[in-house]
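Since the structure comes first, as structure tokens, the remarks are kept for the end.
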Amino acid sequence: MGLMSETVTQIVIPLSALVGIVFALVQWVIVSKVKVSVGSGVDINGYNDRLIEEQEDDDQQEEEGVDPDEAVAKCAEIQNAISVGATSFLFTQYKYLGIFTIAFGALIFLFLGSVNGFSTQNQPCTYSKGNICKSSLANAFFTTLAFLLGAFTSVLSGFLGMKIATYANARTTLEARKGVGKAFIIAFRSGAVMGFLLAANGLLVLYVSINLFKLYYGDDWEGLYESITGYGLGGSSMALFGRVGGGIYTKAADVGADLVGKVERNIPEDDPRNPAVIADNVGDNVGDIAGMGSDLFGSYAESSCAALFVASISSFGTSHDYSAMSYPLIISAMGIVVCLMTTLYATDVSEIRNVTQIEPTLKRQLLISTVLMTGGIALVSFLSLPSDEFTLFDFGTQKVVKNWYLFLCSSVGLWAGLVIGYTTEYYTSNAYSPVQDVADSCRTGAATNVIFGLALGYKSVIIPIFAISIAIYVSFSLAAMYGIAMAALGMLSTIATGLAIDAYGPISDNAGGIAEMAGMSHKIRKTTDALDAAGNTTAAIGKGFAIGSAALVSLALFGAFVSRAGIKSVDVLSPKVFIGLLVGAMLPYWFSAMTMKSVGKAALKMVEEVRRQFNNIPGLMEGTAKPDYATCVKISTDASLKEMIPPGALVMLTPLIAGTFFGVETLAGLLAGSLVSGVQVAISASNTGGAWDNAKKYIEAGATEHARMLGPKGSDAHKAAVIGDTVGDPLKDTSGPSLNILIKLMAVESLVFAPFFAAHGGLLFKIF
22 MGLMSETVTQ IVIPLSALVG IVFALVQWVI VSKVKVSVGS GVDINGYNDR
72 LIEEQEDDDQ QEEEGVDPDE AVAKCAEIQN AISVGATSFL FTQYKYLGIF
122 TIAFGALIFL FLGSVNGFST QNQPCTYSKG NICKSSLANA FFTTLAFLLG
172 AFTSVLSGFL GMKIATYANA RTTLEARKGV GKAFIIAFRS GAVMGFLLAA
222 NGLLVLYVSI NLFKLYYGDD WEGLYESITG YGLGGSSMAL FGRVGGGIYT
272 KAADVGADLV GKVERNIPED DPRNPAVIAD NVGDNVGDIA GMGSDLFGSY
322 AESSCAALFV ASISSFGTSH DYSAMSYPLI ISAMGIVVCL MTTLYATDVS
372 EIRNVTQIEP TLKRQLLIST VLMTGGIALV SFLSLPSDEF TLFDFGTQKV
422 VKNWYLFLCS SVGLWAGLVI GYTTEYYTSN AYSPVQDVAD SCRTGAATNV
472 IFGLALGYKS VIIPIFAISI AIYVSFSLAA MYGIAMAALG MLSTIATGLA
522 IDAYGPISDN AGGIAEMAGM SHKIRKTTDA LDAAGNTTAA IGKGFAIGSA
572 ALVSLALFGA FVSRAGIKSV DVLSPKVFIG LLVGAMLPYW FSAMTMKSVG
622 KAALKMVEEV RRQFNNIPGL MEGTAKPDYA TCVKISTDAS LKEMIPPGAL
672 VMLTPLIAGT FFGVETLAGL LAGSLVSGVQ VAISASNTGG AWDNAKKYIE
722 AGATEHARML GPKGSDAHKA AVIGDTVGDP LKDTSGPSLN ILIKLMAVES
772 LVFAPFFAAH GGLLFKIF
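Heads up, the sequence shown is in the numbering used here, so the first residue is 22 and it goes up one at a time.
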């Protein structure tokens with residue numbers, strides 16, 4: 022037994038979650054003190070504040086020739102339009118997802134209940150030989166319940182993130198009038214609200230679920246933690262549709278706005294004359310905020326579930342050591358406390374005085390949280406794990422380990438995450454030579470830009486794969502599959518800081534769009550551009566974390582699936598396994614083809630609509646007439662809701678078909694193939710798109726002699742850069758980020774349905 026008693030554990034976990042929620046609310050209150058309307062007390066974005074601007078800013082605005090009251094009123098109007106658009110889209114999407122959730126929940130119940138013919142009789146345990154466990158019907162019911170809880174928490178995470186982002190974007194614009202430091206802090210605090218709410222809610226719901234399920238399961242921890250795996254499946258199912266639907270929405274609008282506005286009409290990005298700009302800004306929130314929130318929540322839920330399941334069939338579970346069993350949850354609780362201290366450093370200790378300090382400050386957040394968390398993991402490992410040797414399940418045998426082994430497993434995952442983050446930053450930030458080389462290639466046109474960008478994306482895979490490989494080798498050697506699950510959780514332990522940094526990007530992007538649409542001064546737009554450029558890089562870092570953690574999570578889930586399905590070893594020379602490997606490696610390409618074509622089709626409709634409005638609305642180009650924003654919003658909404666179904670069905674149905682008709686060995690090959698192929702494609706797609714985007718921003722900013730030589734906006738090099746950015750948009754914001762959900766979701770779905778596949782799977786091989 023460890024030094025931490027069960028009572029202390031029961032207090033520490035929910036207390037940390039509640040501290041995280043309170044901290045998020047405090048940050049939200051601070052953000053809400055920035056006012057977004059002119060004295061009337063109008064209800065803006067659902068909040069009844071009397072919102073008045075400060076006089077010192079009025080003077081500054083008047084000097085620059087912009088009426089301050091009019092600018093503030095316009096900011097409020099645009100913010101309201103973005104918020105209403107994002108909220109209505111998410112409600113429509115969640116209506117469809119609600120139907121899917123109920124249908125898939127029924128499927129889980131039917132499949133798992135049929136394992137023993139819907140018998141209510143208790144049965145011998147699968148792993149604890151000689152003990153009696155609860156019936157498969159009970160497992161079916163509680164797994165379905167966990168699935169519904171996971172789905173609800175994932176939806177809540179995405180929705181709260183979107184509401185906070187749409188609440189903060191205009192406030193960041195207005196704070197930019199006081200300087201870059203003030204604007205940065207508002208954007209970062211808002212991101213922190215999302216980060217802490219997601220981390221705390223995920224932990225709290227999982228903790229409460231386990232304790233409620235325990236009332237029924239009692240000493241049957243094997244059945245209890247097997248049913249909890251449904252929580253991860255629910256989280257990732259919603260994340261998949263959120264990511265794909267949101268990604269199609271945002272990129273259809275972005276590509277349409279850029280191709281007609283910047284390339285054909287030569288007007289600035291986010292120009293209010295462009296009919297697609299509101300849809301573009303709405304898309305940032307539903308794709309990059311709501312989608313990313315659900316995605317990282319899914320990773321957290323799955324890695325926790327994988328670790329808990331393996332622990333339940335190890336000595337922790339058989340000896341009913343609650344503190345050791347809760348080790349993954351205590352790590353997450355410690356992560357909330359560490360991230361809280363890190364966030365306070367960014368908002369209250371260090372101060373940003375100029376634009377060059379933005380990116381280093383954000384990178385420092387990652388480093389500080391990683392260093393502090395390493396100490397936190399050491400403390401948790403020493404207190405909650407047994408001081409002497411204990412055993413962990415290792416494919417049918419029990420591996421003897423010590424508490425410091427698990428400290429190393431979690432730490433190696435944590436530091437691998439930092440390496441992936443910094444590598445991603447190097448390849449996607451325009452402060453370094455890779456992106457500058459891509460920008461330079463625009464001199465000779467769009468073709469060379471595309472060639473350089475693709476090469477950069479492929480090259481950027483190398484270091485992250487080595488980092489993931491080292492993490493896998495170390496953690497598996499020390500603590501088998503449990504070690505890999507803990508490495509994944511270690512990488513995600515600083516999720517609150519990671520999400521704060523990630524959400525900061527779209528909030529800054531929206532802030533820049535609002536500044537442009539509200540007609541604010543060049544100086545303010547320059548400030549928001551600097552915030553946005555740093556945000557682009559941090560969004561790429563967030564995607565790198567999500568993909569790296571997905572690789573470790575899906576491997577841990579793969580190990581849990583192999584154990585649960587009763588497979589002794591996976592032999593790649595077996596034809597059943599090898600065909601699974603080949604098909605699995607093909608799936609990320611099939612999935613990417615579907616999502617990219619969906620963006621292309623939706624963007625085609627958007628381009629046609631934007632062209633139609635420019636041609637048919639008199640005075641639109643001159644700025645004397647208003648564009649029809651609502652039609653563009655509708656095009657994005659309809660396209661994303663329709664087009665998210667086929668890729669979602671591909672991911673959800675593939676494990677069910679493979680397991681039912683071809684059996685557990687073929688399914689094991691399929692999971693391995695999709696993991697190995699999906700990680701490479703996801704990293705290269707995300708980084709290629711990020712590099713093209715920042716190459717365009719590098720030319721637009723004109724901050725160096727080299728950049729000024731390529732520019733200005735509207736030059737041939739800039740137009741080539743815009744085309745590269747447009748090609749990269751669906752890669753970095755739709756296909757790339759969705760692929761990490763593909764590899765995780767298929768693995769967790771296979772684990773949940775493993776009892777059915779083991780009992781009744783492989784129908785075709787039984788017939789022939």
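Where a beta carbon is used, it is the ideal one built from N, C-alpha and C, also for glycine.
Just so it is clear, the structure is predicted and the values come from calculations on it, not from any experiment.
Length of the line joining the Cα atoms of residue i and residue j
| i | j | result |
| --- | --- | --- |
| C326 | A107 | 31 Å |
| S771 | F205 | 43 Å |
| A328 | P668 | 28 Å |
| S619 | I441 | 29 Å |
| L677 | S707 | 29 Å |
| I472 | K480 | 12 Å |
| G41 | G519 | 14 Å |
| A536 | G474 | 30 Å |
| F130 | F163 | 9 Å |
| M767 | S324 | 14 Å |
| G263 | S315 | 7 Å |
| V631 | A660 | 16 Å |
| V359 | L400 | 12 Å |
| H781 | V136 | 8 Å |
| A38 | I185 | 19 Å |
| A167 | A551 | 43 Å |
| P296 | T549 | 22 Å |
| A606 | N306 | 31 Å |
| I32 | A567 | 30 Å |
| C463 | A738 | 5 Å |
| I357 | Q48 | 15 Å |
| E629 | Y115 | 29 Å |
| A679 | I588 | 16 Å |
| F411 | E243 | 18 Å |
Beta-carbon gap between residue i and residue j smaller than 8 Å
| i | j | result |
| --- | --- | --- |
| P776 | L46 | no |
| G308 | S175 | no |
| S496 | M507 | yes |
| P751 | M617 | yes |
| L13 | V593 | With the chain covering 22 to 789 only, the question about residue 13 has no answer from this structure. |
| I522 | N190 | no |
| I379 | S514 | no |
| F180 | A311 | yes |
| G711 | N470 | no |
| M512 | A437 | yes |
| A577 | A509 | yes |
| I516 | L317 | yes |
| I764 | L696 | yes |
| S248 | N160 | yes |
For residue j and residue i, believed in contact at Cβ under 8 Å, the rounded distance
| i | j | result |
| --- | --- | --- |
| V276 | A624 | 4 Å |
| T675 | L608 | 7 Å |
| L760 | A703 | 4 Å |
| A322 | G171 | 6 Å |
| V456 | A716 | 5 Å |
N-terminal and C-terminal residue of the alpha helix (DSSP H) that residue i is part of
| i | result |
| --- | --- |
| L696 | V685 to A722 |
| D523 | I516 to M538 |
| C146 | No alpha helix (DSSP H) holds C146; DSSP gives it neither H nor E. |
| C360 | Y348 to L365 |
| T469 | A467 to K480 |
| T122 | P89 to G134 |
| L404 | I379 to S405 |
| L280 | Premise fails: L280 is in no alpha helix (DSSP H) and is neither H nor E. |
| R294 | Note, R294: premise wrong, no alpha helix (DSSP H); not H, not E. |
| H781 | G757 to H781 |
Element boundaries [beta strand (DSSP E), containing residue i]
| i | result |
| --- | --- |
| Q419 | T418 to V422 |
| D415 | F411 to D415 |
Own chain, CB closer than 6 Å to residue i, minus 5 neighbours either side, in chain order
| i | result |
| --- | --- |
| I34 | Y228, L350 and A354 |
| T165 | G126, I129 and F130 |
Cβ of residue i within 8 Å of any chain D Cβ
| i | result |
| --- | --- |
| F234 | The structure shown contains no chain D, having only a single protein chain. |
Residues of its chain near residue i, where Cβ-Cβ distance is below 7 Å and the 5 sequence neighbours each way are ignored
| i | result |
| --- | --- |
| L784 | T681 and F682 |
Cβ shell of residue i (< 8 Å), same chain only, five flanking positions each side left out
| i | result |
| --- | --- |
| L499 | V422, Y426, L427, L429 and C430 |
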